[in-house]
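Chemist: Residue 48 is where the sequence shown starts when you use this note's numbering, and the numbers rise one by one after that.
Don't be surprised by glycine CBs; every beta carbon is placed ideally from N, CA and C.
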Amino acid sequence: MEVGDLLTSAGINIAICVVLLTLYSILRKQPVNACVYFTRKLVLEPISGIGDLSCLTRFVPSAGWIAKAWQATDEEILAVGGVDAVAFMRIVVFSIRVFIIAAIIGLFLVLPVNYNGQGKHHKEIQLESLQAFAITHVKEGSKWFWIHFLALYLISCSACVLLYFEYKSITQLRLAHITGSPPSPSHFTVLVRGVPCSPDNSYSATVEQFFSTYYAESYLSHQIVYGASTIDKLVKDAEKIYRMLKTINPRYLDSSLPSFLPGGTTHSFMVLKHRALSTTSMDRLQPSQNKKEFPAAFVFFKTRYAALVAAQVLQSSNPMLWVTELAPEPHDVYWSNLSIPYKQVWFRKITTLIASVVFMFVFLVPVTLVQGLTQRKQLDNLASRFPCIEGILKQKFIHGVVAGYLPSVILMLFLYTVPPIMMLFSAMEGNVSRSQRKRSACIKVLYFMIWNVFFVNVISGSILRQLGAVSSVADIPTTLAKAVPNQATFFSTYILSSGWASLSCEIMQPFPLLCKFFRKFILRKNDEPSHYALTFPHHTEIPRLLLFVLIGFTYSIMAPTILPFLLIFFCLAFLVYRNQILNVYVPKYQSVGEFWPVVHNAIILTLLLMQVIGLGIFGLKKSPVASGFVIPLIVLTLLFNEYCRQRFSPVFKRRPAQILIELDQQDEQLGRKEEIHNQIRSAYFQNPIISFQLSINSEWSMSRFTSRHHGDEESSHGMQLLKPSRVSCCVGLPPRLHVKVVLQ
48 MEVGDLLTSA
58 GINIAICVVL
68 LTLYSILRKQ
78 PVNACVYFTR
88 KLVLEPISGI
98 GDLSCLTRFV
108 PSAGWIAKAW
118 QATDEEILAV
128 GGVDAVAFMR
138 IVVFSIRVFI
148 IAAIIGLFLV
158 LPVNYNGQGK
168 HHKEIQLESL
178 QAFAITHVKE
188 GSKWFWIHFL
198 ALYLISCSAC
208 VLLYFEYKSI
218 TQLRLAHITG
228 SPPSPSHFTV
238 LVRGVPCSPD
248 NSYSATVEQF
258 FSTYYAESYL
268 SHQIVYGAST
278 IDKLVKDAEK
288 IYRMLKTINP
298 RYLDSSLPSF
308 LPGGTTHSFM
318 VLKHRALSTT
328 SMDRLQPSQN
338 KKEFPAAFVF
348 FKTRYAALVA
358 AQVLQSSNPM
368 LWVTELAPEP
378 HDVYWSNLSI
388 PYKQVWFRKI
398 TTLIASVVFM
408 FVFLVPVTLV
418 QGLTQRKQLD
428 NLASRFPCIE
438 GILKQKFIHG
448 VVAGYLPSVI
458 LMLFLYTVPP
468 IMMLFSAMEG
478 NVSRSQRKRS
488 ACIKVLYFMI
498 WNVFFVNVIS
508 GSILRQLGAV
518 SSVADIPTTL
528 AKAVPNQATF
538 FSTYILSSGW
548 ASLSCEIMQP
558 FPLLCKFFRK
568 FILRKNDEPS
578 HYALTFPHHT
588 EIPRLLLFVL
598 IGFTYSIMAP
608 TILPFLLIFF
618 CLAFLVYRNQ
628 ILNVYVPKYQ
638 SVGEFWPVVH
648 NAIILTLLLM
658 QVIGLGIFGL
668 KKSPVASGFV
678 IPLIVLTLLF
688 NEYCRQRFSP
698 VFKRRPAQIL
708 IELDQQDEQL
718 GRKEEIHNQI
728 RSAYFQNPII
738 SFQLSINSEW
748 SMSRFTSRHH
758 GDEESSHGMQ
768 LLKPSRVSCC
778 VGLPPRLHVK
788 VVLQ
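1. Can you give the beta carbon distance from Met-232 to Gln-726, rounded, assuming they're within the 8 Å contact cut?
2. How big is the Cα-Cα spacing for Ala-620 and Leu-550?
3. Who are the near neighbours of Ser-856 in its chain, counting only those whose CB is closer than 7 Å to its CB and skipping five residues on each side?
4. When the Cα of Ala-528 is compared with those of Asp-379, Lys-668, Leu-400, Arg-75, which residue comes out closest?
5. Per DSSP, Ser-480 is paired with what?
6. Going by Cα to Cα distance, which pick from Ala-488, Ile-554, Leu-597, Ile-217 is closest to Ala-535?
7. Report the rounded CA-to-CA distance for Ile-148 versus Ala-181, giving the unit in angstroms.
8. Between Val-66 and the rest of its own chain, which residues show a CB-CB distance below 7 Å, the 5 nearest in sequence each way excluded?
9. Would you call the CB atoms of Trp-191 and Leu-622 closer than 8 Å?
10. Do the CB positions of Ser-638 and Arg-486 come within less than 8 Å of each other?
11. Pick out whichever of Phe-565, Val-239, Ile-615 has its Cα sitting closest to the Cα of Ile-542.
12. Under the three-state reduction of DSSP, which class applies to Ser-268: helix, strand or coil?
13. For Ala-343, list the residues DSSP reports as bridge partners.
14. Figure out for me which residue from Val-633, Lys-491, Gly-274 has the closest Cα to the Cα of Ile-401.
15. Taking only three categories from DSSP, how would you classify Pro-246?
16. Excluding five sequence neighbours on each side, which residues of the same chain lie with their C-beta closer than 6 Å to the C-beta of Phe-695?
17. Let me check one thing: in DSSP terms, what residues is Glu-372 bridge-paired to?
18. Between the segment 220 to 236 and the segment 373 to 388, do at least 3 Cβ pairs fall closer than 8 Å?
19. Could you tell me which residues DSSP pairs with Tyr-273 in its beta bridges?
20. Who are the near neighbours of Ala-358 in its chain, counting only those whose CB is closer than 6 Å to its CB and skipping five residues on each side?
21. Tell whether a beta-carbon distance below 8 Å holds between Cys-64 and Trp-369.
22. Report the residue from Val-380, Asn-365, Val-409 whose alpha carbon sits nearest the alpha carbon of Lys-390.
23. Looking only at DSSP bridge pairs, what is Phe-348 linked to?
24. Excluding the five sequence neighbours on either side, which residues of its own chain have a C-beta within less than 7 Å of the C-beta of Cys-618, listed in chain order?
25. If I measure Cβ to Cβ from Gly-153 and keep anything under 8 Å in the same chain, skipping five residues before and after, which residues do I get?
26. Just to confirm my understanding: we take Phe-612, look at its own chain, exclude 5 residues before and 5 after, and list those with CB closer than 7 Å. What are they?
27. Within 10 angstroms of the Cβ of Trp-393, are there 16 or more other Cβ atoms? Answer buried if so, exposed if not.
28. Apart from the five residues just before and just after Phe-135, which ones in its own chain have a Cβ nearer than 6 Å to its Cβ?
29. In three-state terms, what does DSSP make of Arg-137?
30. Determine contact between the segment 105 to 122 and the segment 624 to 638, defined as no fewer than three beta-carbon pairs at a distance below 8 Å.
31. One question on the structure: do Val-646 and Leu-593 come within less than 8 Å of each other, judged by their Cβ atoms?
32. Can you grab the Cα-Cα spacing for the pair Leu-792 / Phe-146, in whole Å?
33. For the alpha helix (DSSP H) that Glu-187 lies in, which residues bound it at each end?
34. Can you give me the Cβ contacts of Ala-57 inside the same chain, cut-off strictly under 6 Å, excluding the 5 residues immediately before and after it?
35. Using a Cβ-Cβ cut-off of 8 Å (strictly less than) and excluding sequence neighbours within five positions of Arg-221, which residues of its own chain qualify?
36. Could you check the C-alpha separation between Tyr-579 and Val-672 for me, to the nearest Å?
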């Protein structure tokens, strides 16, 4: 590819970015789009000022959002998105810092050496091949390879130093979250799976008997996991009544429902008396109404340390029974997977692993198609087979679009199908929390993109021939050294299309925007902001960032021309992701930065790959001294990774007993233990939606339900569960609409 083709691709993507960012600056000012572009603020906190703009100002593009994103501090990001948001932004900050260093070294030291490596007369810049700026342009045995060797050491050492401080910072944030946040129910709760079946007792009675016997001093209570039952149907029917009442004029409603609504003359009502939705009261329901118990339960302990010990100890001689682990946060629980027998989990993991590998190889078809478009010979063959397009491909601009822009766009479109499929595989694995499912999907997508986007494109479609040339492990550096530099042009265009343009699409939120207009103007429905509430897509954005980090490190000494495009991408990502965290994404749960070890390991793998390719390049170019000194660098990188694994990684796997014991002692000194015990008993609900928010201004009444749910004085008259048989509604005048469901 020539420099002109690369500039064509850059011009197209710059134009797309400018247009989309301009549209975003206009659309975000329209009050009708507030539920799309200010979802978090509408859901979690009041927002003002959107409707105060004049008509003319609302349609004038502005860069105010850039200033707000730039001025936001890490403390604000932490308060809004938690540790997960800060940890994600640290990936971007780390990348900006390390690639500023790499760009300075590459552009001012390595690039002149590469360009003048052959000492030949050069063409004009726009007609020059990009290979003239790569390390392959340096002649064999050149004395200037010590520049590349020095650059390799400087970039590797800078990356390790910055990575160490980032790992240390995220670890401190995680520990500060444990000590500084209010008492979390997950710190006192253990998830038990593989409860043995007893012919005499139910699962609930078996759990109570086991922990009352072996943890008599620390055991508090438990909550068994149930399947679908009558109670689930009650909640669903109550939701249907609520949705129907929203569409009815309040003046037509009185204390009784119309006949055409559920609960009118066409339905008979059955009333269930229920004092508390606990495991003991569940057993008092009739057999037809009782839930099916599953061999899993949440066990609550009196102290954090007792829960920690119970979670880490082997409970029985059979490791497949009484399997314990610290419970995830209540909002993080993936309830549908708790019904999966623990004995099936290992089989599910193997099955999904095989399915992921098969999918990776099936994806070779579009990757091979994309690589065909980047090669001039393939385009010539295509023109010879289809004479009608031969004249079109001869045009310089069209050729630049087809060779420089179209391949990366096609690959990017195919890649959009990968995260949903990997998320499905992760759900099938049996993960018990949403954060574990997303973390598992993140790892799968990361490995998929490293293999299919990087290695398969590097091999350039001739997979069998290249793999056949590798007769031993020692040949891998040489094989990579031959193949990697040739794909620098493709990855330059890939950064432009999948990087710059995708960030513009991310901030535009085209899919929620289209859904919003379709529901409002086609279906004529007024949506609440909660309908558009999305959690941050870590499983898609983290692999994308890490893939660009891999590309940047790999080509930092081989083709430094890629670094400016990469640096612009990370700077734009810094602004876009901050804006999205502050305004759009709603954090529903916290993993407290548990994905950071995945990020650290991926960056270490990237550094090792860069060093191995450098080893092969120096050997291929007959520079044995430089090649020999790369081996100590590889060893030092492995030792650095092992130190970080020993120093920081355990904090992300287990909670420190010292901190938990100190927190338990503080609770006892302040007399908060009884209050905390009452809270953790009511933390984990399988059906948390009992009361409904009928307008943006109406208040969520879950707290009142929770207070009655566990034995307050108000619950002495009995908690009543709804069966769609008899409902009375008290409807007030707008702007607040109140629905009272009589449960007696």
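Modeler: According to the structure data:
1. Position 185 of the sequence shown, counted from the start, is the residue given in the question as residue 232. Position 679 of the sequence shown, counted from the start, is the residue given in the question as residue 726. According to the sequence as given, residue 232 is Pro; it is not Met. Between the beta-carbon of Pro-232 and that of Gln-726 there is about 7 Å, and that keeps the pair under the 8 Å contact cut.
2. Counting from 1 along the sequence shown, the entry for residue 620 is found at position 573. Counting from 1 along the sequence shown, the entry for residue 550 is found at position 503. Looking at the backbone, the Cα of Ala-620 and that of Leu-550 are separated by about 7 Å.
3. In the structure displayed, the chain extends from 48 to 791; residue 856 sits before or after that span and is not available.
4. As a working note, residue 528 is residue 481 in the sequence shown. Out of Asp-379, Lys-668, Leu-400, Arg-75, Lys-668 has the C-alpha closest to the C-alpha of Ala-528.
5. Counting from 1 along the sequence shown, the entry for residue 480 is found at position 433. Per DSSP, the beta bridge partners of Ser-480 are Val-380.
6. What you label residue 535 is simply residue 488 of the sequence shown in a count that begins at 1. Nearest option by C-alpha distance: Leu-597.
7. Working through the sequence shown from its first residue, we reach residue 148 at position 101. Working through the sequence shown from its first residue, we reach residue 181 at position 134. Cα to Cα, the separation comes out at about 19 Å.
8. Translated into the one-based positions of the sequence shown, residue 66 becomes position 19. Here the set comprises nothing.
9. The residue given as residue 191 occupies position 144 in the sequence shown. The residue given as residue 622 occupies position 575 in the sequence shown. For the 8 Å CB-CB criterion, Trp-191 and Leu-622 do not form a contact.
10. In the sequence shown, counting from the first residue as 1, residue 638 sits at position 591. In the sequence shown, counting from the first residue as 1, residue 486 sits at position 439. Their beta carbons are under 8 Å apart, which means Ser-638 touches Arg-486 by this criterion.
11. Residue numbering aside, residue 542 sits at position 495 when the sequence shown is read from its first letter. Of the candidates Phe-565, Val-239, Ile-615, the one whose C-alpha sits nearest the C-alpha of Ile-542 is Ile-615.
12. Numbered from 1 along the sequence shown, position 221 holds the residue referred to as residue 268. Strand.
13. The residue you call residue 343 lines up with position 296 of the sequence shown. Residue pairing by DSSP puts Ala-343 in a beta bridge opposite Arg-240.
14. Looking up residue 401 in the sequence shown gives position 354. The shortest C-alpha separation from Ile-401 is found at Lys-491.
15. In the sequence shown, the residue the question calls residue 246 occupies position 199. In the structure shown, Pro-246 falls within a coil segment according to DSSP collapsed to helix, strand and coil.
16. Translated into the one-based positions of the sequence shown, residue 695 becomes position 648. Listed in chain order, the non-local C-beta contacts of Phe-695 below 6 Å within the same chain comprise Tyr-214, Thr-218, local neighbours out to five positions each way being set aside.
17. For the purposes of this step, residue 372 is taken as residue 325 along the sequence shown, with counting starting at 1. The partner list for Glu-372 (beta bridge, DSSP) reads Leu-238.
18. Here the segment 220 to 236 makes contact with the segment 373 to 388; the two share three or more CB pairs at distances below 8 Å.
19. Sequence index remark: in the sequence shown, residue 273 carries index 226 (1-based). Looking at the DSSP assignment, Tyr-273 forms a beta bridge with Glu-340.
20. As a first step, residue 358 is located in the sequence shown; it is residue number 311 there, counting from the start. Closer than 6 Å at the Cβ level, and outside the excluded window around Ala-358, lie Val-237, Thr-371, Glu-372, Leu-373.
21. Working through the sequence shown from its first residue, we reach residue 64 at position 17. Working through the sequence shown from its first residue, we reach residue 369 at position 322. Cβ atoms of Cys-64 and Trp-369: not closer than 8 Å.
22. If you number the sequence shown from 1, residue 390 lands on position 343. Checking every option, the nearest Cα to that of Lys-390 belongs to Asn-365.
23. Numbered from its first residue, the sequence shown carries residue 348 at position 301. In the DSSP output, where bridge partners are listed per residue, Phe-348 has Tyr-266.
24. Translated into positions along the sequence shown, residue 618 becomes position 571. Excluding sequence neighbours, Cys-618 sits near Ile-143.
25. Residue 153 sits at position 106 when you count from the first residue of the sequence shown. Closer than 8 Å at Cβ, skipping near neighbours: Ala-198, Ser-603, Ile-604, Pro-607, Leu-610.
26. As a position in the sequence shown, residue 612 is number 565, starting the count at 1. Leaving aside the five residues that flank Phe-612 on each side, the residues in its chain whose CB is nearer than 7 Å to its CB run, in chain order, Ser-539, Ile-542, Leu-543.
27. Here residue 393 refers to the residue found at position 346 of the sequence shown. Within a 10 Å sphere around the beta-carbon of Trp-393 sit fewer than 16 other beta-carbons, which makes this residue exposed.
28. If you number the sequence shown from 1, residue 135 lands on position 88. Cβ-Cβ distances below 6 Å link Phe-135 to nothing in the same chain once the five nearest sequence neighbours on each side are left out.
29. Counting from 1 along the sequence shown, the entry for residue 137 is found at position 90. In this structure, DSSP gives Arg-137 a helical state, which the three-state scheme calls helix.
30. Segments in contact, yes.
31. In the sequence shown, counting from the first residue as 1, residue 646 sits at position 599. In the sequence shown, counting from the first residue as 1, residue 593 sits at position 546. Contact: yes.
32. Because the chain spans 48 through 791 in this model, residue 792 falls outside it and cannot be assessed.
33. Along the sequence shown, read from residue 1 onward, the residue named residue 187 stands at position 140. Run containing Glu-187: none; DSSP gives neither H nor E here.
34. For the purposes of this step, residue 57 is taken as the residue at position 10 of the sequence shown. Apart from sequence neighbours up to five positions away, the residues of its chain that approach Ala-57 with a beta-carbon distance below 6 Å are Leu-543, ordered along the chain.
35. For the purposes of this step, residue 221 is identified with residue 174 of the sequence shown, where counting begins at 1. Once the five neighbours on either side are set aside, the close Cβ partners of Arg-221 are Val-130, Val-639, Gly-640, Val-698, Phe-699.
36. Taking the first residue of the sequence shown as 1, we reach residue 579 at position 532. Taking the first residue of the sequence shown as 1, we reach residue 672 at position 625. Computed Cα separation, rounded: 59 Å.
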